[in-house]
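What follows is a set of notes on a single structure, which appears directly below.
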Amino acid sequence: MLPPKPPARPDKVSLWRYVKLFRQDILSAQPAKLYRAWMAEFRTPFFRSFMVNDPKVLNRVLKEQPDDFPKSSRVSEGLRPLLGDSVFLTNGDVWKRQRRIIDPAFEGGRLRDTFPAMWEAAESAVSRLETGVTEIEEVTSFAAADVIFRTLFSIPIEDEIASEVFSEFRDYQRSQPIVNIAAFLPMPRWMPRFFRRRTRETAKTIRGLIRRLTQARAAEIAAGTAPDDLATKIMTTVDPETGEKFSPEEMIDQVAIFFLAGHETSASALAWTLYLLALYPEWQDRLAEEAEQLEACDFAVMSKLKLSRDVFREALRLYPPVPMMVREAGCPVEFRERHVAKGSQIVLSPWHLHRHERIWERPDEFDPERWKTESGRQCAREAYMPFSAGPRVCTGAGFAMVEGPLLLSMLLKAFRFELIEGREPVPVAHLTVRAKDGIWLKVGRR
Ligand code: HEM
């Protein structure tokens, strides 16, 4: 049995129907031919957009000329009330300075320091999980949020402010679906600015809560009593080029994105991985056996969780949590001998790239062994980008590749996850790839 894939739409539909489909879900609004195309063009009355699946063109956009393809302002508009000028939305020199301050906190060596907090979050997830029929996205969202609060601020999700931020974020997501569609839909540029009032209010509440956390931390840093976690690291790092640190307001923007980018994505990936393991119980058993090696909290154990890592990578291929990314052509360019005007939207789609029929062998099959083959390795280099690529690659990629396999292994050591008949999840794109009606599994003790 193949892992669930959303139905494609017919090749030709009217613009009106396309808009309607889009409002439901970006993934099923696309025709099947995008899984074979190197490039596709969408014309709208207001702008052009191009979806690019050609590894050479992707390389150009992300690695060779990243400054010529800034993040699209059409997409960021919807997130701005919440994220302000966070590193996820900025471009140019502002973005470069922010990365210089943030990147050191996520370097390899720091991951080792962050590991005990992740381990504690994983243990808590195991002790919270109850047996029986369970909606798994909820479980993984809670666990991933816990990881972020513990690693960033040394507080568990049960902390009062942490749990409030968590529940407000859910409201925010429900109230602003426009984010996903702004780049494709033929809307004039001013449209997405009309945020619903509720969206703006929720954003303000979340930022108020985060402000309390960053202010308290600034005071602890001043008093010399701050814990050695990611927040302290980021708030005390001086940009080597300008000699500046983040201002307290800027830090709020960054915390908001760490929370959003860091927990939504990992939650989606973990939930889909658990579903895949329920679908392929022989893999689940192999991972549970491997997980027997988890004893005491020791970073070195990560090098032993090889199967867990391969399975997690394969889940990120089939269900990339960020299904599409959008850039804007900052100058006129030619892609595959086609003219791309300045201001065109360039859609990069890990979703289509990872299942591309002309690149991958058996693209829709779950096969964690593929990473060991020569063709799998080549695809991993050229056509695999769950974390994006180039200078704008996800800052949390290394972090997520520890968190994912660790949580997975801890859960599988203690529990068994089984399918429930008639409850096959249908992937849809919200802020991240989620299941239309959740991912339901039967949880039992191992
Ligand atoms: C499985 C988990 C994750 C996936 C699949 C993922 C994926 C991505 C992708 C695709 C981007 C690029 C978006 C774009 O260019 O439009 C991105 C950016 C980012 N991610 Fe992640 N991410 C994950 C986990 C995390 C974690 C754990 C953190 C932080 C703790 C994080 C922080 C960020 C930040 C700050 C950016 C913005 C980077 C920039 O624009 O310079 N992510 N992520």
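Our numbering puts the sequence shown at residues 16 to 461. We treat Cβ as the ideally placed atom computed from N, Cα and C, and that holds for glycine. On a predicted model such as this, the values are computed, not experimentally measured, just so you know.
Distance CB(residue i)-CB(residue j) smaller than 8 angstroms
i      : j      : result
VAL154 : ILE435 : no
SER359 : PHE164 : no
VAL270 : THR217 : no
VAL337 : ILE361 : no
ASP100 : VAL109 : yes
TRP366 : LEU73  : no
PHE121 : GLY411 : yes
VAL180 : PHE274 : yes
GLY151 : LEU456 : Before going further, note that residue 151 is Ile rather than Gly in the sequence given. Yes, the pair counts as a contact, with Cβ atoms nearer than the cut-off.
TYR290 : PRO442 : no
PRO19  : GLU439 : yes
SER178 : GLU343 : no
The ligand HEM heavy atom lying under 7 angstroms from the CB of residue i
i      : result
LEU331 : yes
ALA276 : yes
ARG407 : yes
PHE103 : yes
PRO119 : no
PRO442 : no
VAL67  : no
PRO420 : no
SER364 : no
PHE273 : yes
GLY411 : yes
ARG95  : no
VAL154 : no
MET317 : no
PHE181 : no
PRO18  : no
TRP134 : no
VAL337 : yes
Exposure label - residue i; buried when at least 16 CB within 10 Å
i      : result
MET243 : At residue 243 the sequence reads Asp, which differs from the Met that was named. Flag for ASP243 reads exposed.
PRO263 : exposed
VAL458 : buried
CYS394 : buried
ASP268 : buried
LEU426 : buried
ALA284 : buried
VAL67  : buried
LEU97  : buried
GLN472 : Past the boundaries of the shown model lies residue 472; the chain is included only from 16 to 461, so the question cannot be answered.
MET16  : exposed
ILE193 : Model confidence at ILE193 stands at a pLDDT of 43, short of 50, so the residue's coordinates are unreliable and nothing is read from them.
Residue i at chain B interface by Cβ criterion, 8 angstroms
i      : result
ARG392 : Included in the structure is just one protein chain, with no chain B present.
*Evaluate the contact criterion for the region 348-357 versus the region 411-424: three or more CB pairs, one atom per stretch, below 8 angstroms.*
The region 348-357 and the region 411-424 do not touch, with fewer than 3 CB-CB distances between them shorter than 8 angstroms.
*Examine the Cβ distances between the region 246-253 and the region 294-310 and report whether three or more of them are shorter than 8 angstroms.*
At 8 angstroms Cβ cutoff, the stretches do not touch.
*How do the region 376-392 and the region 75-82 stand: do at least 3 beta-carbon pairs fall below 8 angstroms, yes or no?*
No, because fewer than three Cβ pairs between the region 376-392 and the region 75-82 fall closer than 8 angstroms, the two stretches do not touch.
*How do the region 394-410 and the region 355-375 stand: do at least 3 beta-carbon pairs fall below 8 angstroms, yes or no?*
Verdict: yes, contact present.
*asked:* Tell me whether the region 128-141 and the region 420-429 touch, counting them as touching only if at least three CB pairs, one residue from each stretch, are closer than 8 angstroms.
replied: A contact exists between the region 128-141 and the region 420-429.
*Can we say the region 284-298 touches the region 434-453, given the rule of at least three CB pairs closer than 8 angstroms?*
Yes, the region 284-298 touches the region 434-453.
*Report the residue ranges of all beta strand (DSSP E) runs contained in full by the region 79-105; include only those spanning at least 3 residues, in chain order.*
Assignment of beta strand (DSSP E) within the region 79-105, counting only whole runs of 3 or more residues, yields no such run.
*asked:* Extract the residue ranges of the alpha helix (DSSP H) inside the region 236-319, only unbroken runs of 4 or more that lie entirely within it.
replied: Counting only runs of 4 or more, we get 245-251, 263-294 and 296-306.
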